[in-house]
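Numbering (full-length UniProt numbering), first residue to last: 1 to 202.
Right, here's the structure in full:
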């Protein structure tokens, strides 16, 4: 049997991993249609389980997303999230936009500088109001307090050496380093969560 041409034909129909395509063809005597049906059934079962939806929904999304499994699961989860979304009274579109601006500031500058963001208190309060982002709010609030303590009574008319000394002290603070790490490594997750709330908030 010419497996090479069969594999190519099968993988043109569905994005099946090479090793799995070979095994399917062997198990089904090179019958491409049977391979397609078996792979689709297996994949739809997997999507249904991972996304928490019925098989009919899984199939619809799977076909709509052109058989991209990860994107299918992601889109189903997002649509389920939107369908079941419960608004939080004090979390407005404006406040969420300020959080997104703060995240952009962190990405452009750095976390320590972003603690002096002019809307930082509102950013913190907004994060504290959202259950999924509360731990971010607590971490940023604590980091801000540490920086405020280290820079207490600091003014721009002090020497550059004093500015450097305080920044080094901040960088060397163990708790601050942990907070810095916990927020910055999860910034993409925070951004995604804010986007979810923003699209559901008028």
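The beta-carbon is built from N, C-alpha and C at its ideal position, and this holds for glycine as well.
Under 8 Å by Cβ, that's how I've got residue i and residue j pegged, so tell me the actual separation to the nearest angstrom.
i, j, result
"residue 183", "residue 105", "Incorrect: roughly 13 Å between the Cβ atoms, too far for contact."
"residue 190", "residue 133", "6 Å"
"residue 45", "residue 55", "7 Å"
"residue 115", "residue 93", "About 24 Å separates the two Cβ atoms, so there is no contact after all."
"residue 4", "residue 30", "So it is not a contact: roughly 11 Å between Cβ atoms."
"residue 43", "residue 22", "Rounded, the Cβ-Cβ distance is 17 Å, inconsistent with contact."
List the endpoints of the continuous alpha helix (DSSP H) containing residue i.
i, result
"residue 35", "32-51"
"residue 162", "160-171"
"residue 12", "3-13"
"residue 140", "134-150"
"residue 57", "55-64"
"residue 174", "174-184"
"residue 128", "120-129"
"residue 202", "Per DSSP, residue 202 belongs to no alpha helix (DSSP H) and is neither H nor E."
Using a Cβ-Cβ cut-off of 8 Å (strictly less than) and excluding sequence neighbours within five positions of residue i, which residues of its own chain qualify?
i, result
"residue 173", "146, 150"
Can you tell me whether residue i is helix, strand or coil according to DSSP?
i, result
"residue 70", "helix"
"residue 91", "coil"
"residue 203", "Here the chain covers residues 1 to 202 and nothing more, so residue 203 does not appear."
"residue 193", "helix"
"residue 108", "helix"
"residue 113", "helix"
"residue 103", "helix"
"residue 29", "coil"
"residue 155", "coil"
Which same chain residues end up closer than 7 Å to residue i when comparing Cβ atoms and leaving out the 5 residues on each side of it in sequence?
i, result
"residue 125", "none"
"residue 35", "10, 24, 25, 28"
"residue 65", "71, 72, 75"
Strictly under 9 Å for the Cβ-Cβ distance: is residue i near chain D by that measure?
i, result
"residue 158", "Protein chain content of the structure displayed is limited to a single chain, and chain D is not contained in it."
Can the beta-carbon of residue i be found less than 9 Å from the beta-carbon of residue j?
i, j, result
"residue 25", "residue 10", "yes"
"residue 196", "residue 62", "no"
"residue 185", "residue 130", "no"
"residue 71", "residue 51", "no"
"residue 200", "residue 85", "yes"
"residue 138", "residue 194", "no"
Between which residues of its own chain and residue i is the CB-CB distance below 6 Å, once the five residues before and five after are set aside?
i, result
"residue 140", "124"
"residue 89", "none"
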